[in-house]
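Engineer:
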Amino acid sequence: MSDIRVYEQGGEAGFGDYVQLLKPRVMSLVVFTALVGLLVAPVPVHPFIAFTSILFIALGGGASGALNMWWDADIDAKMRRTRGRPVPAGSVAADEALALGVGLTVISVAMLALSANFVAAGLLAFTIFFYVVIYTIWLKRTTPQNIVIGGAAGAFPPMIGWACATGGISIESVLMFALIFMWTPPHFWSLALFMKDDYSNAGVPMLTVTHGRKATRRHILVYTILLAPVALGAGFTSIGGPVYLASSVVLNAIFLKGARDIWRRDEAQAEADKYAVEKRVFRFSLLYLFLHFGALLAEAVLHAYGLGAW
Amino acid sequence: MSFTPEHELHKRRLGRNIGLGLSLLAFVVIVFGMTIVKVSREPHPTAAKPAVTAPAQGTQP
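Chain order of the listed sequences is L and U.
Everything in the first sequence is counted per the numbering used here, starting at 1 for the first residue and increasing by one.
Everything in the second sequence is counted per the numbering used here, starting at 1 for the first residue and increasing by one.
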């Protein structure tokens, strides 16, 4: 007589599922902004050290993504946008996500300290702590200002990149931080306006749920107005120049017009055209950030050839 | 009677193992590369020390 064993065959994770835990799309933004922060710094970095430093910053960002998915698995399962993530989809167990997140946190921080310096490693460790503990565990579910606070975590990468090169913090790196920090609320709130059911179903206190959609539209306008001087201000520092400033003026004018359009609309108008303006502003906000950092990179290239600087 | 061991599950496991193997290999290459760059750029701490000077006269017991 022989035994027949039946194994549970569903839910076995592939390598790609673990990669998905690291939020590769968010990671691409982290890589880009950290790389710009590193390249615009006045201290040259050996190309291999620059490569490894960016890699470990990205890995640290991935670690915080995995820890976020571990903690938020319950609300991710309720939202259309996130229910396909590995933990709610059942392909990766929550404790595996936790183990991967903790493991990658230790590796990325230690390796960044060896690759670059302790300031950069300390900033990376603080970023992961801030995103996971302060934002994900504490404030995301308790305050409608969660997006504003969470934006700080996403704003650190260029500062870490700068610290990799210089070993410190300066007005330039603070302004790059502030640019992403101020950009995050209008970016996410415009998304929240047209993904309205998702956040309310999950019980996340998004501004749209707690203060209403009219207040959210007003907040988008206010934050976009506050963003403009920060973005323009960076143009007058050592990392700026005429190319950056001209780009920034145009980009902020378009973003401000979009924010004003959102503010002037009501729900009936938005429903009528299926949130066309909100979707347009959301897409443009991605381009806004990408082009600002692209312009900073362009200035760094021009500086290298003795052009562009003030 | 022959069994076919290849199942979608096995393919996934193989992919995971190959992925992990390549990640570890990449990690080794990165650590090796970092070591080479650091060692070739930064002088060894003992090499940076000033030469030992002869003790001043009259200080010997």
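Positions of the beta carbon are idealized from the N, C-alpha and C atoms, including for glycine.
(1) Going along chain L in order, which residues have a C-beta closer than 8 Å to the C-beta of residue 21 of chain U?
(2) Is the region 132 to 148 of chain L touching the region 81 to 95 of chain L, taking contact as three or more C-beta pairs under 8 Å?
(3) Round the Cβ separation of residue 190 of chain L and residue 248 of chain L to the nearest angstrom and send it over; I've been treating them as touching at under 8 Å.
(4) Can you find a CB in chain L that lies within less than 9 Å of the CB of residue 62 of chain U?
(5) Taking the alpha carbon of residue 99 of chain L as the point to measure from, which residue in L:114, L:78 and L:68 has its own alpha carbon closest?
(6) Any idea what DSSP makes of residue 236 of chain L, helix, strand or coil?
(7) How is the alpha helix (DSSP H) around residue 245 of chain L delimited, first residue to last?
(8) Residues in its own chain within less than 8 Å of residue 60 of chain U by CB, not counting five upstream and five downstream?
(9) Checking contacts by CB at 9 Å: is residue 118 of chain L closer than that to chain U?
(10) Taking the Cβ atom as the reference point for each residue, do residue 15 of chain U and residue 15 of chain L lie within a distance shorter than 9 Å?
(11) My assumption, with CB atoms under 8 Å, is that residue 275 of chain L sits in contact with residue 193 of chain L. Please give the rounded CB distance.
(12) Among L:19, L:268, L:125 and L:158, which one has its Cα closest to the Cα of residue 50 of chain L?
(13) State the DSSP-derived secondary structure class of residue 206 of chain L, mapped to helix, strand or coil.
(14) If you pair each beta-carbon of the region 19 to 26 of chain L with each one of the region 146 to 153 of chain L, do three or more pairs fall below 8 Å?
(15) Just how far apart, CA to CA, sit residue 33 of chain L and residue 52 of chain L?
(16) Count the other C-beta atoms from every protein chain shown that fall within 10 angstroms of the C-beta of residue 258 of chain L, then say buried if there are 16 or more, exposed otherwise.
(17) Please name the residue, chosen from L:212, L:289 and L:297, that lies closest to residue 266 of chain L on a Cα-to-Cα basis.
(18) Among the candidates L:220, L:17, L:104 and L:55, whose CA atom is the shortest distance from the CA of residue 84 of chain L?
(19) Pairs of beta-carbons, one from the region 52 to 65 of chain L and one from the region 173 to 189 of chain L, closer than 8 Å: are there three or more?
(20) Which two residues bound the contiguous alpha helix (DSSP H) that contains residue 16 of chain U?
(21) How about residue 177 of chain L and residue 156 of chain L: do their beta carbons lie closer than 9 Å?
(22) Just tell me which of L:64, L:163 and L:224 has its CA closest to the CA of residue 105 of chain L.
(23) Can you list, in chain order, the residues of its chain with a C-beta nearer than 8 Å to that of residue 295 of chain L? Leave out the 5 residues immediately preceding and following it.
(24) Out of L:166, L:304, L:254 and L:307, state which residue places its alpha-carbon closest to the alpha-carbon of residue 287 of chain L.
(25) Ignoring anything shorter than 4 residues, give me the alpha helix (DSSP H) runs that lie fully in the region 99 to 155 of chain L, in order along the chain.
(26) For residue 186 of chain L and residue 115 of chain L, I'd like the C-alpha separation in whole angstroms.
(27) Below 8 Å on C-beta distance, what does residue 24 of chain U contact in chain L?
(28) Counting only Cβ pairs nearer than 9 Å, list the residues of chain U close to residue 114 of chain L.
(29) Relative to the C-alpha of residue 37 of chain U, which residue among L:35, L:46, L:31 and L:42 is closest?
(30) With a 10 Å radius around its C-beta and 16 neighbouring C-beta atoms as the bar for buried, classify residue 282 of chain L as buried or exposed.
Structural biologist: Concretely, from the data shown:
(1) The residue labelled residue 21 of chain U in the question sits at position 21 within the second sequence. Within chain L, no residue comes near residue 21 of chain U; the closest Cβ sits about 10 Å away, beyond 8 Å.
(2) no
(3) To locate residue 190 of chain L, count along the first sequence from 1; it is residue 190. To locate residue 248 of chain L, count along the first sequence from 1; it is residue 248. With 8 Å as the limit, residue 190 of chain L and residue 248 of chain L do not qualify as a contact, their Cβ atoms being about 20 Å apart.
(4) Look at the range of chain U in this structure, 1 to 61, and you will see that residue 62 of chain U is not part of it.
(5) Taking the first residue of the first sequence as position 1, residue 99 of chain L is located at position 99. Among L:114, L:78 and L:68, the Cα nearest to that of residue 99 of chain L belongs to L:68.
(6) The residue given as residue 236 of chain L occupies position 236 in the first sequence. Reduced to three states, the DSSP call for residue 236 of chain L is coil.
(7) Against the first sequence, residue 245 of chain L aligns to sequence position 245. Its alpha helix (DSSP H) spans residues 242 to 264.
(8) Here residue 60 of chain U refers to the residue found at position 60 of the second sequence. The pLDDT assigned to residue 60 of chain U is 48, lower than 50, so where the model puts this residue is not dependable; a value taken from the coordinates is nonetheless given after this. Hits under 8 Å: none found.
(9) Numbered from its first residue, the first sequence carries residue 118 of chain L at position 118. Judged by the 9 Å Cβ criterion, residue 118 of chain L is not in contact with chain U.
(10) Numbered from its first residue, the second sequence carries residue 15 of chain U at position 15. Numbered from its first residue, the first sequence carries residue 15 of chain L at position 15. In contact: residue 15 of chain U and residue 15 of chain L (Cβ atoms closer than 9 Å).
(11) Translated into the one-based positions of the first sequence, residue 275 of chain L becomes position 275. Translated into the one-based positions of the first sequence, residue 193 of chain L becomes position 193. The Cβ separation is near 6 Å, so the contact holds.
(12) In the first sequence, the residue the question calls residue 50 of chain L occupies position 50. Here the closest residue by C-alpha is L:158.
(13) As a first step, residue 206 of chain L is located in the first sequence; it is residue number 206 there, counting from the start. Looking at residue 206 of chain L - three-state DSSP - the assignment turns out to be coil, as it is neither helix nor strand.
(14) no
(15) Here residue 33 of chain L is taken as the residue at index 33 of the first sequence, counted from 1. Here residue 52 of chain L is taken as the residue at index 52 of the first sequence, counted from 1. Each residue's alpha carbon lies about 15 Å from the other.
(16) The residue you call residue 258 of chain L lines up with position 258 of the first sequence. Its Cβ being crowded by 16 or more others within 10 Å, residue 258 of chain L is buried.
(17) Taking the first residue of the first sequence as 1, we reach residue 266 of chain L at position 266. With distances taken between Cα atoms, residue 266 of chain L lies closest to L:212.
(18) The count along the first sequence starts at 1 and reaches residue 84 of chain L at position 84. For the residues L:220, L:17, L:104 and L:55, the minimum Cα distance to residue 84 of chain L belongs to L:17.
(19) no
(20) Mapped onto the second sequence, residue 16 of chain U falls at position 16. Segment 8 to 41, the alpha helix (DSSP H) holding residue 16 of chain U.
(21) Within the first sequence, residue 177 of chain L is the residue found at index 177, counting from 1. Within the first sequence, residue 156 of chain L is the residue found at index 156, counting from 1. Yes, the pair counts as a contact, with Cβ atoms nearer than the cut-off.
(22) Counted from its first residue, the first sequence places residue 105 of chain L at position 105. Nearest C-alpha to residue 105 of chain L: L:64.
(23) Here residue 295 of chain L corresponds to residue number 295 of the first sequence, with the count starting at 1. Closer than 8 Å at the Cβ level, and outside the excluded window around residue 295 of chain L, lie 243, 244, 247 and 248.
(24) Here residue 287 of chain L refers to the residue found at position 287 of the first sequence. Here the closest residue by C-alpha is L:254.
(25) 118 to 129
(26) Mapped onto the first sequence, residue 186 of chain L falls at position 186. Mapped onto the first sequence, residue 115 of chain L falls at position 115. If you take the alpha carbons of residue 186 of chain L and residue 115 of chain L, they lie about 35 Å apart.
(27) Walking along the second sequence from the start, residue 24 of chain U turns up at place 24. Per Cβ cutoff of 8 Å: no residues; residue 24 of chain U is ~11 Å from chain L at best.
(28) Walking along the first sequence from the start, residue 114 of chain L turns up at place 114. By Cβ distance, chain U contributes 31, 34 and 38.
(29) Counting from 1 along the second sequence, the entry for residue 37 of chain U is found at position 37. Cα-wise, what sits closest to residue 37 of chain U is L:46.
(30) Position 282 of the first sequence holds residue 282 of chain L. Under this definition residue 282 of chain L is a buried residue.
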